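Data first, discussion second: the structure below is written as structure tokens.
Residue numbers (this note's numbering): 368 to 455.
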């Protein structure tokens with residue numbers, strides 16, 4: 368990483384406290400996505416995403432994962448404001 372280092376573990380969650388996360392590893396990648404799904408989810412021009420090893424993440428609370436349905440038009444499927452994605 369550059370001079371702006373991240374403090375590990377990374378911790379956070381939703382504002383109401385129902386969902387919390389902790390990541391014990393450095394990110395493999397960090398980037399911004401400008402797709403319409405991410406714009407709808409955040410209400411901004413982009414969403415910042417971070418890729419981390421699955422085994423390094425602990426999530427507590429009731430998490431709902433968002434999957435796109437390829438049979439529906441994009442405008443019929445808005446993700447929740449905070450979403451986690453995972454690779455199967």
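The C-beta atom is built at its ideal place from N, Cα and C for all residues, glycine as well.
None of these values were measured; they are calculated from a predicted model.
- Between residue 375 and residue 383, the alpha-carbon positions lie close to 23 Å from each other.
- Between residue 408 and residue 400, the alpha-carbon positions lie close to 11 Å from each other.
- Beyond the five residues adjoining it in sequence on each side, residue 392 comes within less than 6 Å, by CB distance, of 419, 420 and 423 in the same chain, given in chain order.
- Residue state for residue 422 is assigned as helix, using DSSP reduced to three classes.
- Within its own chain, the residues whose Cβ lies closer than 6 Å to the Cβ of residue 396, once the five positions on either side in sequence are excluded, are 418, listed in chain order.
- In this structure residue 390 is buried. Its beta-carbon is surrounded by 16 or more other beta-carbon atoms within 10 angstroms.
- For the pair residue 403 and residue 415, the Cα-to-Cα distance works out to about 13 Å.
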